[in-house]
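Heads up: the protein sequence lines correspond to chains A and B, in order. To convert, note that position 82 of the first sequence is 82 in the numbering used here; the numbers rise steadily by one, no gaps. To convert, note that position 2 of the second sequence is 2 in the numbering used here; the numbers rise steadily by one, no gaps. Just so you know, even glycine gets a beta-carbon here, dropped at the ideal spot from N, CA and C. Computed from a predicted structure; not experimentally measured. Before any comments, here is the structure.
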Amino acid sequence: SQQGEEDPQALSIQEGENATMNCSYKTSINNLQWYRQNSGRGLVHLILIRSNEREKHSGRLRVTLDTSKKSSSLLITASRAADTASYFCATVGGDYKLSFGAGTTVTVRA
Amino acid sequence: EPEVTQTPSHQVTQMGQEVILRCVPISNHLYFYWYRQILGQKVEFLVSFYNNEISEKSEIFDDQFSVERPDGSNFTLKIRSTKLEDSAMYFCASTPLGGETGELFFGEGSRLTVL
C-alpha cells in the first residue's frame, strides 16, 4: 500500500503559532495532496504537489515534498482557531487512486 | 460555487436491510468515487466510476456493494444487506480530470448507522 501516514497523530498549539505535520508513504507517487476535515464534515482539498515539485505555497500553507525520503510536510503559519481540524495527506500513484493516511488532529487554542 | 451533494445526511437502518446512498456530483465532472470513514479512522477508498462503469474497487467493495449512475446527475451506492461494521460516514467525490488524479471534490457525507 502506498497510503500516507501522518505524524503526529495529534497536535495542540496556541493561536498564532505554526503547526507542522508530516506524512510518509511507501511507493512512488504521481502527486501528493493535503485535505482538511472539520469535525463531522466533508474533506476539503488544500493543496496538491506533484512528484517533480519540492515546495508549494498557498496562503498560510506551505507544503514540501521529498521523494527520496518518501515524505511530505504541511506547515500552517500563524494558526487561527478556525484551523482546528483533522488534516490528511493523500497520495496518488500509478493506479490514479487517491489513498489517505490516518490524519493529524490539530487543535488551536485561543 | 458548484458542490457535490449527498443524501441522506444520516440514515439509521437495521442489520440486513438494504440502503441506498445518493450523490449528485458536480455537473461537468467525469470521475466519481465513494470513500468511507469509520468513526475515528482513516478515509478508505471503496470504488471509482468512469464512463458508466467501475474503473477500480477496493477489497472492501464486495458483492454487497454496488454503484449506479441511473441518470445524468445521480450517482448511487447501494449496500444490499447491511452489517454492523458498515456503520460509517460515506463520502462521494468527483473530479473533472482524467489521467493524473487531481483534486477531488467531496460531499459532506452520509452517516450510516446500522443497528
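The C-beta of H45 of chain A comes closer than 8 Å to at least one C-beta of chain B. Look at the region 94-109 of chain A: the residues with a C-beta under 8 Å from a C-beta of chain B are D95, Y96, K97, L98, S99, F100, G101, A102 and G103. Looking at the backbone, the Cα of N51 of chain B and that of Y87 of chain A are separated by about 31 Å. Within chain B, not a single residue places a beta-carbon under 7 Å from that of V63 of chain A; the smallest gap is close to 14 Å. Between T101 of chain B and the set A:D66, A:C23 and A:N30, the nearest pair of CA atoms involves A:N30. Within the region 6-73 of chain B, the complete beta strand (DSSP E) segments at least 3 residues long are 10-13, 19-24, 31-37, 43-50, 53-57 and 65-68, listed from N- to C-terminus.
Boundaries for I29 of chain A: no beta strand (DSSP E) harbours it, and the DSSP string shows neither H nor E there. Within chain B, the C-beta atoms nearer than 7 Å to that of G42 of chain A come from F91, F106, G107, E108 and G109, in chain order. Secondary-structure assignment with DSSP links R111 of chain B through a beta bridge to B:H10 and B:M89. For Y87 of chain A, the enclosing beta strand (DSSP E) covers residues A85 to V92.
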